[in-house]
Structures are given as C-alpha cells and as structure tokens.
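Protein chains in written order, with my numbering: chain A, 2 to 272; chain B, 589 to 1815.
Set out below in structure tokens:
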C-alpha cells in the first residue's frame, strides 16, 4: 500500500492514543496489517520517547507495589496488563520490568539478561505462578513488543528474504546471500549482493535489502543509519525494498515512495 | 642596479652581455671588453639585478597601468626614504614608487654613482644580437627616437612631473599577483634582501589555512584619484622602509586594509563600461583605450628593456615564469590610462636616457612592450591550452602590434590538440570493503574488528555531513563535527586499529581528491569555467549572471598559496579536528610508504623513434597512467607535508637571532619524515625529475619558516634551484627533457619560490652555475624526463594558476573590469582511473634479459599485455588451486575428522592436537600445487595473450609473447604457492575443524536431518509469521481479558491447525526460530484446550467446546507434533505447573482431556512414560489448593495404574464433576 506522507501523518495522529493490545487493536478493522504496521512503528517511537521515565527506580518501585497490591486482591485479574495500559507502557516491557524487580527481591544475585529473556519466552520457568500467568498474559496481549512479536518480525523478515530470493532466481539475477558474504568475512551484509549490478529506474543497484516493516520516514532513517549507509560505506549502492501491501513482491522495483530520498540523494552517488 | 639598466638603456652594454653577466654563464667569451669592464664594476650587484629589473617593471607599469593604488603622493618626505641611494634625496623625482625597489644599502656605491653623472650616450650595436631578438624586426619599424638628446625632465620631487592617473589599474600592489621579489633591505644588517613591499605587517593571518598575507588582494581603490593626492595614506607604494614605521602606523594600516576588504566584491563597485556611466571626475576616457603602434613613445628603450626582460625569463633568472607572463598579459590587456592634467606625452617623445622618465607613458607603450616580450616567448605560448591560444590569437591588440606573431599564434591554435577538458568531476565514492585487509583475520580481537566497523561508519557519516553542510554559510567544521571525530579517534585504542583507519582515510583521500575534479568540488559556478566555455560573444549578458553566481575567491591569482580545495578541505579539517598524535604518526607512516611506492613505480619508458599511430594510442594510456601516479603523489605529499610540518607552523612570525639558532640546532637533529633529499637526488639521477619534483614541491610548500634554513632542506632547495636554472626552454635536444615536462617543472618550482615560507633571498642569492647541474646526472639512456608524459591537461591540473592567463584574456574580451576581488577558479579536470597494478620486475638472469630485449623492440602495449596476462593468470591460478586442491584437502580433513571423532568417541581429543594430526597428513599434498599451478598457467596464458594482442601480430612475436606470459604467470603463481600453500591449507583445515567441532557440540537434536518440502510443493502454504500471529491472537483471547462477544469458532481452530500443518510441510518460508515458536504456541494451545479455556463463539449454549471437537483438535495437534514438526516440541510444558494450573481455575474440573492427551503422547511415542511420570511427580511439589492436589493425585494414579490400555477410558474423572449446567451458571 502506498501512502502519501500526509495520509501517513493523519493515520499516525489517530493511532497515537491506542494501547498496543489485541483488544484495542480490534477496532482497527480496515486493512489491518498495514494499520498495524503503522501503529506498531508509531508506538515504538512513542515508547522510545517515554522509555526512560518508566525506568527510574521510583517508577519501578511504584509499579511493583501496585502490582503486588493488585495480585493480593485478585491474582486472576489482568493486574499487570491493566497497569501497563494505565501508565501507557508496553505490556511486555512492563512484564519485564516487574519480573526483574521480582527476581531481584527473591534471589540474591541480580538476574542476568539471558535468564530474564528465557523466562519471558517461557513463563513456566518463573518461580511464582501468579506472576507467570500475569507475564504470559502481557506477552500474548502485546502486539508491539515481546518474544512472540519479535519472532513474528523475524519470521516476516525471513519470509520476505525468501520471496526476494525466489524472485531473483526467477529473474535470473545471480547474487550472493548473506551467509556467503559472511563467509567471505564481510562485516556488514545486506540480504543480497547482486553479482552483476542492475539498473532500477536509472539507479545502479548492487544490493537489495528487504524490509518487512512499513517504511515510514523515521524507520527509513533509522535503517539508513544502521544499515544502508553502512552498505554504501562499503561501496555498495542498493535498494531497500518493502512489501507492496498484498504480501507479494511483483517486482524488485517496488513502489516505495519513501525510499526515494535514499535513492535520490546525490544521485545515489554513482556506483 | 639601476646603473646596469641605465647603461643598458644607453646602450653601453649589449643585452646579451647583461644576461650573461647575470647568469654568470661561461659562454661570455665574445664579450666586448668594454662591456665587460662596465659590468665588472657592478659585479657585487649582479645578484640584485633581476629583482631590481622586475620591481622596476612593476613600478613602471603601475604608474602607467591600471589597477594599482592611486599614484602615491610625491611628498618630499617620501623622497627622504628613498632606497639607500647616496643621491636619493636629491633624486626623489623617481617618486615613492621607487621605494618599492629593494632599498639597498649595499656598500657598492660605485655602482650607483656613475649613473647620475654619466652623460655620454652612444648607440650600442643594437639589441638584435641577443637571442630572441628576432621580434625586433617587427618592432623597430616606428619612429627613430632621438635618443642622444635625452634629458632629464624634471628635478627632484618636482610636482610638475607628469603624473599619470589610472583607472582600472592592474593591481600592482596586489601581492597575490606580483609577489615581491627579493632584494636587499635597509637596516644595519644590510645583507638580507626583503620583498618589494616592506609593509606586510599582517601576521595574524598567516595561519595554516588562510592565504598568506602577502597573497591577499589589496583593496581596489574604487574611484581612483585623478590627482596625485597629498593625503594619500595608502600603505601600498609608499615604500617607507619598514624600520620607519612605528607599530602604531602599521596597525593603522592594517585596520584600513581590513576595512577595505569588503570592497572586494565579485564585481567592482566601480562603474564599468557595461554597467554604468563614466565617472565624470575622471579626467580621461573610461572606455578601453585603443592601442596604436604608431603612438608608442620610446620604442627603442622599450625594445631594450623587453629584450633584457625576455632574456631573463628565457634563462630562468626570474623565479616564476608564469607570473611574468601574467604580468605581460596584464600589460597587453591594460584597459585604459588616464593622464593627469599636466601631463603631455608629446612633450617627452625622445626620453631615452635614463630611468628617470617613465618607461610606460601610455597604453601604447604597455602593449608594445608586452608584444615584444610575447614574441620572444612564442614557444611557451604555443604550448598553452587551446582556449588561451584562441583568445590570444583573437586579441586585436596583438594583431595590431605584431601581425606576424598573431599569425603564428593562429597557426599554433589551429594545430593545437591541447584541449583542456572541463568534464564534471565524478561523484565521491566510498572505499570498498576489502576482505583481504578488512576482515576479521586482520584484527587482533573481535572488539577491535567491531570498533573499526563502527568507526568506518562514523567516518562516512562525518564525511557525508560535511558534504551536505560545508557550503552552507555559518557552518563550522570543528563545531559541527569536531567532537564526533575526536570521540571516534578516542576509540582507536589499539595501534592496529589506527593503521586500519589510516588506510581507510588515505584510500578515501586518494579516491576523492586524486581526480582534479575532486579537488575542485562541485560548487556552482566553480566547476566549469563559464567564460571560457561560452566564448566571447554572449559575454555581455553573462556578465550580470556572473556577478550573481561567482563568489570571490581569495585564493586565485597566478600565485595562490597552498590550499586544500574541495574535498581536500575535509581531510585537512579532519586531521586538525582529530588532533590525534597517534593518528598523525600513522598517517605520516602510511603516506610516506605510499609515496615511496608510487615514486618508485616503474613507469613505462618512451621509445623516441616509435612514431606510428599505434604507439600514439599507447601513449595516451601511459600519459594517463603517469598523470594518475603524479596526481596521487602530489596529493599524498601535500598531506604528508601538511601533517609533518604541522607542529612547527604557527601564526607567529619566524624566529630570529639566537632563538632561531637554538631552534635550528634542535630541528637539525630531527630526522626528516621522509628522506626527500635522497629521493630527489635519485630522481634527478634517474631522470625522473618530472615525477619527483612536482610532489616534492607540494610537500615543501607546507614547510614552516625554519625548514629552508636547515642544512638538509637547504640542499634540497639548492638542487631545485639548479634544476630550475637548467630548464632552459629553448634548449631542446634528443634525450633531454621534453618541453611540456620542463614547463610543468618551471611552473611548480616557480610557484614554490613564491611561497611565503620560502625565504625570499633563496632564489636570488643562490649561486647556481647551471651547467654544473648537468654533470652529475648519470642517466639511463631514456629517463622519464625525456618521455612526453606531460600534456596540457596535466599541466593545467597541476598548476591551475596557469589558467589565470586565459582568464585575463577572457576578461579582456568580456569587457568586464577585471581584477575585482577574485577570478573564477579554474578547474581543469581529467578523468583518471585507479592505479593499475604494476607488474613487478622480478625476472632476472639471461632469460629475463632476453625477454627485456624482446619487449624493447615491440610496442609498449605488447609488454603491458603480457605482463597483465601474467599477473591475472598467476592470480587466477592461485584462486583456482584454492578452489580445487585446497578445497579437496579440506573435505578430506573433514571426513578424517569425522572418523577420528567416531573412533575416539564424543570428546574427540584436543582440537589443537587434532589439527596437528590432520595437517601433518594433508600438508604434504600441497606439493601438488606447484605442478597444478604450472599446468594451469600453461593452459590459460597463451589463449589470453592471443585474445588481447592484435590479430596481425606476427606468429613468432605472438609465440614469444605467449611463452613469456606463461613464464611470468608461472613464476608469479609458483612463488606465491611455494611460500604460502602450507599456511593456506593449514588455515583452511583449521577453519574446517573448528566448524566441525562446533557443529558437533550443542543441540544434537537441532542437527537432526531436515526435510525440505516435497517436490510438488508450490509453496502456497500460509506464511509462518501469519500463523504465529493468528495463534497468538487465539492465545491472547483465551488468556484474556476479552470482550463478552469475543471468541473463536471451532471451525476456525480446525482451520488454523490445518494451516499449521501445511506450513510445516512446506518449509520454504520456515526458519528455525519460527518453528520453535510455533511448537511452543501449539503446546500452549493444547494446554488451553485441555483446560477448556478457549472461548468459543456461538450461541451461549455452545459456549464451551464440545468434548469431541476438543479431542479432534488435540488429535490434530498430536499428529502435527508427531509428523510435521522437525524441531523439538516442548511437550513437557503440557505438564508444567502453570499449564496444569489452568485446570485449577475451571469449575468443574475436567481431567479427561489431559488424561487422553497423556495417553496419546505415550501411544504416539512423543513422550515416554517415565518422562510423564517424572513430570507428574514434580507437579506434586507445587503448591495447589487442597482439592486440586487431591484430584491431581488421582489423575497420576489413574495414569500410572492403566499402563497399556489400547483404548483410553475417560469417564473416570466425571465422577468428581458436577454437571455442566452448574458450571455454566457459575461462570
């Protein structure tokens, strides 16, 4: 789906106050995938902005106390989820916060990150049954964060890569995949490096990176920063591409209006 | 000094004698004894003649010509300060201008004394004797000057002296154009010459990045005074010796100077003929004054001076050839001259006798003089670029004054191929990632590798930001990027990281700046020279456009200071901002190394008799290669000089006296960063000056004030001076340096001699017998110098300031008023390519000599082809061996390792030991590599040579070439293989071993064989991400919170599990993490089914899943777990306290589904009984509500009690259940 910048802004405006849970997102009926993607991105921006204020020790302490009070009253109620929604924080992240706090209290040593992650992935490992349920509830209800969402994102990335690979094979464009590049010792690897560059709308393309998320400007810039320029820095020009809305890549040449700034910047600096 | 000139003007001595005298040439045997006597008395002043002459001409022209400051006041006070001539005060009529002359207090009063008294005039034998005199035939056609009757017009300081007022004068006091020439200053020491204009007090601006004071343009006097102004306070031309000025005065001058700077706008504020009306205040006409040969005032005198001047130029007695040409061009294109009211040129037609009367009394004189000089330098002119030639040939004044010269120029223009291209510069590009040097193996640790990875990105980020912002006004490099750069440099802790970064830096530098386009940047109006592109006609309209587009360039002019144009500025600022000692040191090391490497590059040599078309094509390539090497060298040397002398340069003036001595003593201890002296000596000996000198000049141009005083560098300067003197353009002979090569060297050396840090006396004080220089070159028969490696493109690229000549002419054509603060900068980009790999000359022995001889008689392209083929085939050979032999060995190693692991069991022994065993078995096989390599080269090389050489190559030549290529390729490949094959095998085997051992290690289950999708699969299954998302939705519905109307239909659940099956069977899009999550989600789903926690959509009566449906779904799940999941499924989670606990919340509790599930699990072999028992056992340890614990115990017992029932019996639990109706009521 191609959106103009103005449309995007309008949508983002509307989505700004919605919590990231399934229940609330049910209301976004129309072209759910795209809206969800936009929402997810806007929400992540929002979380990035407000992340710090939830991580002060006072905030954590107050959340924890509220959680304890809540579960004492009714352990079956969605205490943690409600708390997260109330303070406008992602449920999964709230769950992590409380879990950390809980483990700090119940174990001598501070829990390692990997222990926390593993408990979030499988709440059965959480020693406290009530907390396990609360955490699980947060995770399955969170549409933007959490191990399940991460996995979905990863899976989408992988799927798109596969689609792209098929497309390249179909078009008979020889390429080197990420694994081959890594084997060669490259430090940064796009999804595909074309062994023979192709021209796309007048731009010479060396690499293709598939991005599954909706390409808003901010994420585009973030990617630019993290990845695309890194590729350029290694003398590769290329094209990040995105899903065209129907879940299929018709062509390498996706209409990605927001990709243009990257492509057109100083003529993409030659090859 | 003036005495010499005067005696010359009086024709007491011949021009030739004077020039010989100056050059102290040994060829003076034919000197007339009288001349010799006259000159010998002046001997002590010999050195000062040229500076005197140059200053004299500048002074004279400034009186007549445009663009100087207003004629200085002839205040009596000024005459008191006349340069130490004994008769100075009484001879003040020469005006303040003469104080621009080297104020001399030399004891040689004898030289000056005769001047005033010498009354005898005799006509000399005529100047035509001198070389270059041919121009006189045309010139001496005018009136016969009554030379003998010459008289001094006026007395000292007479105010009635004709004073000429100029409009639009060439800016003589513009040190940028006319840097002062050394001379002897006044003062007690009395020996150190100083520059022409002493008051150059602005020392603050002598910082590294800014143009030197003496290069800054002086203010343009907007409305030139038509009167000699008694109030004139301009510092320029007052000529007071510096000692006379108080500091206060200097400050005042500086202040005024600054206040005038803004006037140097791109367009003069003075009205120009195109833009405004003539200024009524001017006495004279403002339109271009036509120059008329018939109205030249003192033809003979001008001829003489022109001849002397030309000879000095021709003999390289002047420091900068192009500066003089520029001056002459200025004279040629002088626009107009306004005479003062009291002047009457007709009054003094015959003044010839002395220097007292102005040399140039009118535009006609200037043009005449200029044409005279140009005639003597036709050869240089004819080698300028085509555009300049065209403009010259079209110059109507030239046509008018010397039709013959114009004809020759036109012919030269028509024959010229020296088009200097104005192609746009290529856009910048990043250095590509080089696996050989940039991969992990080249770093000491993972950390260093990753740090460098980040740094690379930061570096380019900074670079891009600079590209985007540096042209914005108010953007400051240090403010914008400084802290980021320093933070990045701070991370470079390991020495190895520094060298990595420096390599990147240097490569990027070369890539961006090596092409001249890169040096110019892409600023609008800067890239192509608009004026010269459009030609003369439309320039009137362009003028206004130009006005708007062009920013003043403070660094223009024929002698710009060393600068960092375009992208180079980034690298300079980066170095400055980084201010990292380590970085600078590594950078110097790296630059030195690269300079040595490039300087020593065996560039193809010219075979002078090779004149056919084919070699012409080859020469294009060789020139290009030479240009690339030279430009790279210059760039590297410039930065090396910049960094190397950075610690010693500062804004403060050079030290003097004892301080200087101590600094000298200290500095002489410091070894030079690069042994440039040796490189220069070797370069000269090997006749490679044309390569070495240009980069050396770049290096030296950044030297600080102390450097030229150090013995080491003094030697270098002396060598350079001798070289400069020896490069007489008119001497051309076989085996000597080519004309354009000479011209390049003269241009760069001339430029160097004008750099402020190079002491002004150096050029004139050096006793350089030019012939001595020639002796010590024990040269190979054909050095690079003799090869036509330089073309106009390269010349203009290296010396963009030569383009100023063209601009001068173009501006003359355009009618713009010229010097108005800055010319457009001239860009002459070439297309350059990366350095081709240079074949090394490794072959020795007779065979090699034979091969060498073979190539000698063949076109150079043959040799290049063969060497290229050998290089590539050799390299391919190594790659081929890697891919075949080594890969085979690695496979062997892997299978051996597997065997080893099987025989030795799980552990397999110590990896290092294993590796040793494997290597000892495999490395001997490496010996095959040489044989294989030889075979490969034999097989591949001949075909490649044949394909690349012309079809018509004779068979014998072809086969020889093939053989040589085979030999060279084999040599190259075998040399590498024999040295490295063992290490290579070892490395690859090691990697294979660690790979295998790693794979052996954790998660043996994960390594279980994976099936792909079936052959018929069309990959239409739902995507895993979609399924995870769907299942997640069901889970979240089940866990709640949910709205009352929410739920799933049983059909949807069934469909979901069906899709899951499809996805698992088509593995196209499935990645292991996704499968893991799907497995876990499916287990969660099963638990929820068992606990009947899934809200079912439908009429309230069916709000719970029917048992049969639940079982069907569980069956589907079981089958998925059994058949379709390829990774491990965490089935034990079914019995985790949390999932079993779900049952606790349901009332009434239904255990039958759980029991059913457990039995099926055992039945299908998905879980063992023991495993389940263990899980059930651990469940008891958890804390449960009392009744739940009881029921759980019952379940355990039930399960354990009925071990092998084929058909599950399920109703047992119903005994403890209330009926369903009550359950509904409760919920």
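From the three backbone atoms N, C-alpha and C, an ideal C-beta is built for every residue, glycine too.
Is it buried or exposed for residue i, if we count other Cβ within 10 angstroms and need 16 for buried?
i	result
residue 1766(B)	exposed
residue 110(A)	exposed
residue 1038(B)	exposed
residue 9(A)	buried
residue 649(B)	buried
residue 1238(B)	exposed
residue 983(B)	buried
residue 1472(B)	exposed
residue 736(B)	Confidence in residue 736(B) is poor, its pLDDT being 35 and thus under 50, which makes the residue's placement unreliable; the coordinate value appears in the next sentence. Exposed.
residue 76(A)	exposed
residue 1385(B)	buried
residue 74(A)	exposed
residue 1758(B)	exposed
residue 1711(B)	exposed
residue 1349(B)	buried
residue 1169(B)	exposed
Mind pulling the chain B residues with CB within less than 7 Å of residue i?
i	result
residue 79(A)	1628, 1629
residue 38(A)	Neighbours of residue 38(A) on chain B: none; closest Cβ ~12 Å, over 7 Å.
residue 163(A)	1656, 1657
residue 14(A)	Neighbours of residue 14(A) on chain B: none; closest Cβ ~26 Å, over 7 Å.
residue 45(A)	Chain B residues near residue 45(A): none, gap ~17 Å exceeds 7 Å.
residue 23(A)	1621, 1624
Checking the sheet assignment: what are the DSSP bridge partners for residue i?
i	result
residue 176(A)	195(A)
residue 22(A)	143(A)
residue 1636(B)	1684(B)
Using the beta-carbon of each residue, which ones in chain B are nearer than 8 Å to residue i?
i	result
residue 141(A)	1620, 1623, 1624, 1627
residue 75(A)	Those within 8 Å of residue 75(A) in chain B number zero; the least Cβ separation is about 12 Å.
residue 1(A)	Limits of chain A in this structure are 2 at one end and 272 at the other, which puts residue 1(A) out of reach.
residue 181(A)	Within chain B, no residue comes near residue 181(A); the closest Cβ sits about 12 Å away, beyond 8 Å.
Taking Cβ-Cβ distances shorter than 7 Å, what residues in chain A pair up with residue i?
i	result
residue 1665(B)	149, 152
residue 1617(B)	153
At 9 Å on the CB atoms, spell out the chain B contacts of residue i, in chain order.
i	result
residue 138(A)	1624, 1627, 1628, 1629
Counting only Cβ pairs nearer than 9 Å, list the residues of chain A close to residue i.
i	result
residue 1816(B)	Lying before the first or after the last residue shown, residue 1816(B) is absent from chain B, which here runs from 589 to 1815.
- Whole runs of the alpha helix (DSSP H) within the segment 1659-1716 of chain B, excluding any shorter than 4 residues: Restricting attention to alpha helix (DSSP H) runs no shorter than 4 residues, the segment 1659-1716 of chain B encloses them at 1660-1678, 1695-1707, ordered along the chain.
- Message: What are the residues in the segment 78-106 of chain A lying within 9 Å of chain B by C-beta distance?
- Response: Listed by position, the residues of the segment 78-106 of chain A near chain B (Cβ gap below 9 Å) are 78, 79, 82, 83.
- Message: So if I threshold CB-CB distances at 8 Å, which residues from the segment 1699-1733 of chain B count as touching chain A?
- Response: Here the close residues are 1718, 1721, 1724, 1725, 1726, 1727, 1729, 1733.
- Query: Listed from N- to C-terminal order along the chain, which residues in the segment 113-134 of chain A have their beta-carbon within a distance smaller than 9 Å of any beta-carbon of chain B?
  - Reply: Taking 9 Å as the upper bound on Cβ-Cβ separation, chain B lies near residues 122, 123, 124, 125, 126, 127, 130, 133, 134 of the segment 113-134 of chain A.
- Item | alpha helix (DSSP H) segments (min. 4 residues) lying fully within the segment 1490-1558 of chain B | Runs found: 1499-1510, 1516-1536.
- Query: Residue ranges of each beta strand (DSSP E) run of no fewer than 3 residues wholly in the segment 1064-1092 of chain B, ordered along the chain?
  - Reply: Runs of the beta strand (DSSP E) inside the segment 1064-1092 of chain B: none found.
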